[in-house]
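K.L.:
Chains as they are written, first to last, in the working numbering: chain U, 20 to 429; chain D, 20 to 429; chain P, 20 to 429; chain A, 20 to 429.
Each residue gets a CB set at the ideal place from its N, CA and C atoms; glycine is no exception.
Here the structure is a predicted model, which is why all the values come from computation and not from measurement.
Provided herewith is a single structure, encoded as structure tokens, for subsequent inquiry.
Structure, rendered in structure tokens:
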């Protein structure tokens, strides 16, 4: 195995580690330098930097400080990389740490970030997932286990100053349309909790005040949360600054399409083994604006699916115009309703759909006024037979455990 | 092979065929009756009822009368089916007619329905696809061929009067928000071109005036345009009226997720072989609102993909809030831009993405404010190597053919 | 669909059809001519030419005249093909006839050909399989159904005289080592029942006396019985005579690796849609001695397997040296024993393994003295759960039906 | 990660490690004890115990002492296991050691074990494979890389005394038929180099004199070399002694069906994470003689294949009767011939087919006198296009490197 180029210590705060940062800004100094063709290992905190524990309380999820996220390892400078190049990144492998053989999933409180179904699940809840080699299962969600489709939720290159300004412009504009919205429309720059790596003093303060938050995916990649960008895949990133500046974090043991639970997938600390190379001038040659990638030859296959349809009519019966977001929400709600017939609580079903390798397809997007989205639930991950039959469902799940919940403090 | 339960004659207008209808209404008389466990064949017109020809002009696409679509075969009554049941439908096979070994794809004029990218491709264009057994290729889009993932774009059960009223209510409400929009937000009931099957006279007129158009997918299934609901799959439909009333049409030889070109997939006439059965009271037992289904064991597999990301920032740089529709549009535009680097015209690339078995995934839908959608382009369908390399793309496509175009008449 | 280039009439004997032959010889006249790039349809008898009926008696299997098989359609001349070329054949599609929506499987009497397990199942037995679109099931083997991996058991080019002589030499040599063996080691040329297509008179008689039997696969392809050489695959055949002379027959609706039951797969009459092209001088360019091929993108996938191991120690406990044949026989016997625990008769299990898409892998072939072969049984084709569990197997199969049997006549 | 239950030290001889053994005998003392439901890690030497080095000489392969192999870790006692039970083993994960990020493949000298094609490649040769995360490539075989389908070549339970006696009986019987054969027909018990774990003194000597060699697979599993028995799979082993006695070794980073090169797959040292459980009385309940298993959901998929046929006519043109071993040899030779057209040496091609995830299918085994075997070569593992085309093959491989060779010493 390659040596760790950048290491972390799970027993210390990520703020003490100069090779970690939690904002995007071109002035964040490079933490290490490699050459094209090199492979190397980066160690990563979980996205919250250790705020969530392996226990049966959801209070840590409720009380999480989201201004701190995501803690990324890097940036790594690639020698010779220049703006306009494509940075090829082979994700050679991803692994867990021996001292942290578990991950967490949860939904935030509606007043602190929420999630895809925050109107239905407004309180903080949590599930803990134990790792057994390639497999995972949860003491909070019985009857299911599966192999991890391990991937980085967040990986990307440093933005140029021009690109950063563009991000700030467009996001502020949206923010202003409803600044009081809960959950917020946009996470604006926030200097207090910014970790700018090795950048210190007034330079740090100046950059931190305008540095982009890490929550959304953007042109450089970033927090795409694409489950299929997994170990074994090959990614082509746009390069915006000299040296590219590759950073990575937010590792996931497994996730469903959409990362609907927001907190998030099965979140973990771990290490990632990468190899980098360059296509000089590749952005123009191939007309690249956002990253493109090739999936891994080594992904868990659970090819028997039960597929739920959703259309863009919301829970109140209101008709929306080709709104895939709403259509997918309906498909997800339909799947949750189905799962409860087998004994799961709604929260268990919701959490499961955020963690397991479910697919979310944009099935029809032109048949006005209804978009049609489909949620693909792999049936082989269940210990029991989940398919419909003429006898009706059997309550395999006894209801003796549920996800911990932590209502908002008054 | 089972005998055709309901036949058609491609040389005659669908309006002359009593076993065809093009609206949804509970009063449409059953065209045939079967028992649970029966299997049977239904013959289907292409969705336009023969308005589009195998030629090199897009004028027929430009001039199509969309108030006529979709011509469906049925409804088929299933003995013993009652509201609240689940109707299980095995799609045993789908095939083409010997006299129509071709299909069509196109984008409508922006003033007549448009398509997913109508702002970019405002004029009517068309591509013709020849069938050679399981495979198809187009004289208008060189360099590509693939096996058909054949499926019905439209299949569903008759709505009850209550459900129909609900559809009309919610769609009218949306329509009123912008009645002059081009393309229209909603296709309202339209009696003139309604084909109500065997329903005649004043009963026909009364029903036609309120019968739902067939364009959108709804709770009964309908025009879902789900490419994976293909031959070999098993579908569970809600039953809303006595006898269920199963109708089907809009057969597709192949389609990409989203059916982005709207006109549509590779559209074809053909036959479909079905078997039906019932789960009594299944809607309540399994908590079913929309159809659910299991995919076929027999689907073409093109497992090498190049995947394009898109985020919910539109072409003008405006930031939208978790809008998967816009994110998928960006992913599609990114793929089109990429394909043009190999010599395809934009229209060829757009059409190809509507026809080939591309996947559209809802990858991230919680990372405010950006949704992340991915378009999965199968690379093995191309005659040449489409992957990025350090030399840059080669123009394999010479540009000597393009899609026919028919600008709007003044 | 392309027109049938060569047709058959199921109601007439194949001996009356000049476009059919049942021996290999370079002098068999071409039945039709096509050009490189052409696609065309050939209609085919089942391999026995209609000797087996859709009934519940195995007497026809017992009494079959194996000197008649296999009835092939062709040969088709490809213009410009010369010895040393490679003939590329795209299998565009394969289908059944409306009047024969069923197929048969069986094991021959030990005294009339036998089968892989003829010592264990010495009497003629038969199962009938009904086709429902892409799927098949048998009234003689309950609890199982699956999609057909349709393929030609037999497809090949005409041998040159030199090649034919070589076949006759080497096979005769083997025959002489044990001429009285039952079943026979080799099927020698046999003029009486030879059908030489359009060849008549003394020329026919002379050729028939030396024409090769169609039973074994050879350098030209022939009776390979490779289940994966299915519709959608692309095959490269050596060309030995001017015009190549492509013939095909012995269509199978489905088969397991090995075609262990010999009579055979799920045997059917039907049509096959082919496209041909040439690689001039391809045998030398690519060093080709036997056909090579690429599998279809459209094969049924039943990816959950229960895998049985077998080693080259025979049923009597005798040790054989790296004998894969014996190792596979043990794996097959192990699978049969397992299936009987769920209520199947041995004959049902044996027949099922001959018909379903089981895989047979040569897993280890160097670990002296034991070869290791594995039989892969797809579990999703069963209506019930076939996997081991702590409670032991449940007898889902009630034993009220079995395969018809026809003991040898005294 | 679970702790290592049994550890090794790569810098010390396996003979110094009491938790290792290289023979099968019921008297080998248990090295550790676990309970049903436990998971644990076993560390394993490479099969030769470190005799082969990461260098460019094949002398170590030539001079290997095969009487020492295979070094196994164990036996592990499972509490409560009794003869007649089934031992369920989940292979939760397998990994490499940081200090040994490489593996080796080779063919032995014909006078020292040989290999599947020893008549064609009679001298010792070697290739070294570097690991980069999940992927591997070799400096001795350019143009190819692939993800590892990691698996234990050897895993099994202790035999009872009765079973051991049966093994010795039948293998000696075969040995006597040609005791002077080179390579040998059977590896007889050989006390000198036997490592009997903790067994010492006269008990050790007595057991060593009759202990079975580890080369062949047998009823207890053992050296099956089944590439698909990989991490993520679930295996059911017969139990022959109290406590079962599970041992494992001979880890492979990757292997082709057949392990044709004998030395062997890509051989590695590493660790394996297992979980065990019991089905009481399972051998009788399920009729189990040899192990059965379910494949992993997480296997590398290279689904584009070029498939080579072989029939049971040997290289000298002699006809054999349904001999799958010979048929597979022809398929392998055909593939090697094909690969040399692209510039590979025969030895490179042979080694590649032993290492890469090629499939070997028993395609037809009843069409007397020819068996038909197929070798499935995954084309996506090559950096270049390996498919036939009308222009003929291009020599992508320049021939500047080859496998080291070490001719026999005089």
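Count the other CB atoms within 10 Å of the CB of residue 304 of chain A; is the residue buried (16 or more) or exposed (fewer)?
P.N.:
Buried: at least 16 other Cβ atoms inside 10 Å.
K.L.:
Examine chain P for any beta-carbon lying closer than 9 Å to the beta-carbon of residue 200 of chain U, and answer yes or no.
P.N.:
Not closer than 9 Å to any Cβ of chain P, the Cβ of residue 200 of chain U fails to qualify, so no.
K.L.:
Give the residues from the stretch 277–311 of chain U that approach chain A closer than 8 Å (Cβ to any Cβ), ordered along the chain.
P.N.:
The stretch 277–311 of chain U vs chain A, Cβ under 8 Å: 292 and 294.
K.L.:
Looking at the structure shown, is residue 350 of chain U part of a helix, part of a strand, or coil, going by DSSP?
P.N.:
If DSSP states are grouped into helix, strand and coil, residue 350 of chain U belongs with the helices.
K.L.:
Would you list, in chain order, the members of the stretch 156–170 of chain A that have their beta-carbon closer than 7 Å to a beta-carbon of chain B?
P.N.:
Structure shown: chain B not included; protein chains present are U, D, P and A.
K.L.:
Residues of the stretch 349–360 of chain P with a CB closer than 8 Å to any CB of chain U: list them in chain order, please.
P.N.:
Those residues of the stretch 349–360 of chain P that come within reach of chain U (Cβ to Cβ, closer than 8 Å) do not exist; the list is empty.
K.L.:
My assumption, with CB atoms under 8 Å, is that residue 346 of chain D sits in contact with residue 392 of chain D. Please give the rounded CB distance.
P.N.:
Sure, about 4 Å apart at Cβ, within 8 Å.
K.L.:
Using the DSSP secondary-structure output, state which residues sit across from residue 90 of chain A in a beta bridge.
P.N.:
In the DSSP output, where bridge partners are listed per residue, residue 90 of chain A has none listed.
K.L.:
9 Å is my cut-off, CB to CB: does residue 404 of chain A come that close to chain D?
P.N.:
Yes, contact with chain D.
K.L.:
Listed from N- to C-terminal order along the chain, which residues in the stretch 263–276 of chain P have their beta-carbon within a distance smaller than 7 Å of any beta-carbon of chain A?
P.N.:
The stretch 263–276 of chain P vs chain A, Cβ under 7 Å: 276.
K.L.:
Name the DSSP bridge partner or partners of residue 54 of chain D?
P.N.:
BP columns for residue 54 of chain D are empty, so no partner.
K.L.:
Verify whether the separation of the beta carbon atoms of residue 366 of chain P and residue 276 of chain P is less than 9 Å.
P.N.:
Not in contact: residue 366 of chain P and residue 276 of chain P (Cβ atoms no closer than 9 Å).
K.L.:
Does any C-beta atom of chain D lie closer than 9 Å to the C-beta of residue 97 of chain U?
P.N.:
Chain D, which has no Cβ nearer than 9 Å to the Cβ of residue 97 of chain U, makes this no.
K.L.:
For the stretch 133–150 of chain D and the stretch 397–406 of chain D, state whether three or more C-beta atom pairs, one from each stretch, are separated by less than 8 Å.
P.N.:
With a cut-off of 8 Å, the stretch 397–406 of chain D and the stretch 133–150 of chain D do not count as touching, because too few Cβ pairs lie within range.
K.L.:
Where does the unbroken beta strand (DSSP E) through residue 17 of chain P begin, and where does it stop?
P.N.:
For residue 17 of chain P there is no data in the structure shown, the boundaries of chain P being 20 and 429.
K.L.:
Listed in chain order, which residues of the stretch 23–35 of chain P have Cβ atoms closer than 8 Å to some Cβ of chain U?
P.N.:
Going along the stretch 23–35 of chain P in chain order, one finds no residue with a Cβ nearer than 8 Å to chain U.
K.L.:
Return the chain-ordered ranges of every alpha helix (DSSP H) run that is complete within the stretch 276–357 of chain A and spans a minimum of 4 residues.
P.N.:
The stretch 276–357 of chain A contains these whole alpha helix (DSSP H) runs: 301–305.
K.L.:
Residues in the stretch 326–346 of chain P with C-beta within 8 Å of chain A's C-beta atoms, listed in sequence order?
P.N.:
Against chain A - using a Cβ distance shorter than 8 Å - the residues of the stretch 326–346 of chain P are 326, 327, 328, 329, 330, 332, 336, 337, 338, 339, 340, 341, 342, 343 and 344.
K.L.:
For residue 39 of chain D, name the three-state secondary structure that DSSP assigns.
P.N.:
Three-state DSSP puts residue 39 of chain D in a strand.
K.L.:
For residue 154 of chain U, return the contacting residues in chain A, with the cut-off set at a CB-CB distance below 7 Å.
P.N.:
Going along chain A in sequence order, the residues near residue 154 of chain U (Cβ under 7 Å) are 111.
K.L.:
Along the stretch 59–70 of chain D, where does the CB come closer than 7 Å to a CB of chain U? Name the residues.
P.N.:
Against chain U - using a Cβ distance shorter than 7 Å - the stretch 59–70 of chain D contributes no residues.
K.L.:
Please state the DSSP three-state secondary structure of residue 382 of chain P.
P.N.:
Strand at residue 382 of chain P.
K.L.:
Out of A/230, A/221, A/90 and A/119, point me to the one whose CA is closest to residue 208 of chain A's CA.
P.N.:
If we check each option's Cα against that of residue 208 of chain A, A/230 comes out closest.
K.L.:
My output table needs one value for residue 147 of chain U: the three-state DSSP class, helix, strand or coil.
P.N.:
Three-state result, residue 147 of chain U: strand.
K.L.:
Should residue 115 of chain U go down as buried or exposed, given a rule of 16 or more other Cβ atoms within 10 Å for buried?
P.N.:
Buried is the call here.
K.L.:
Can you check whether the CB of residue 108 of chain U is closer than 9 Å to the CB of residue 272 of chain U?
P.N.:
Result no, Cβ atoms of residue 272 of chain U and residue 108 of chain U do not sit closer than 9 Å.
K.L.:
Would a C-beta distance cut-off of 9 Å place residue 327 of chain A and residue 351 of chain A closer than the cut-off?
P.N.:
Yes; because the gap between Cβ atoms is below 9 Å, this pair is in contact.
K.L.:
Between residue 40 of chain A and residue 239 of chain A, how many whole angstroms is the CB-CB distance? I'm expecting something under 8 Å.
P.N.:
About 14 Å; that fails the 8 Å criterion.
K.L.:
Does the beta carbon of residue 366 of chain U come closer than 9 Å to any beta carbon on chain D?
P.N.:
Not an interface residue.
K.L.:
Compare the C-alpha of residue 338 of chain A against each of A/269, A/389, A/384 and A/349 and name the closest.
P.N.:
If we check each option's Cα against that of residue 338 of chain A, A/389 comes out closest.
K.L.:
Residue 156 of chain U to residue 167 of chain U, Cα distance in whole Å?
P.N.:
Whole-angstrom Cα-Cα distance: 10 Å.
K.L.:
Alpha carbon to alpha carbon, how far is residue 331 of chain A from residue 191 of chain P? Give it in angstroms, no decimals.
P.N.:
For residue 191 of chain P and residue 331 of chain A, the distance between alpha carbons rounds to 15 Å.
K.L.:
Flag residue 248 of chain A as yes if its beta-carbon sits less than 9 Å from any beta-carbon of chain U, otherwise no.
P.N.:
Not closer than 9 Å to any Cβ of chain U, the Cβ of residue 248 of chain A fails to qualify, so no.
K.L.:
Anything in chain P within Cβ reach of residue 322 of chain U, meaning under 7 Å, just list it in chain order.
P.N.:
Per Cβ cutoff of 7 Å: 320 and 322.
K.L.:
Starting from residue 255 of chain A and walking both ways along the beta strand (DSSP E), at which residues does that stretch end?
P.N.:
Counting along the chain, the beta strand (DSSP E) containing residue 255 of chain A begins and ends at 253–257.
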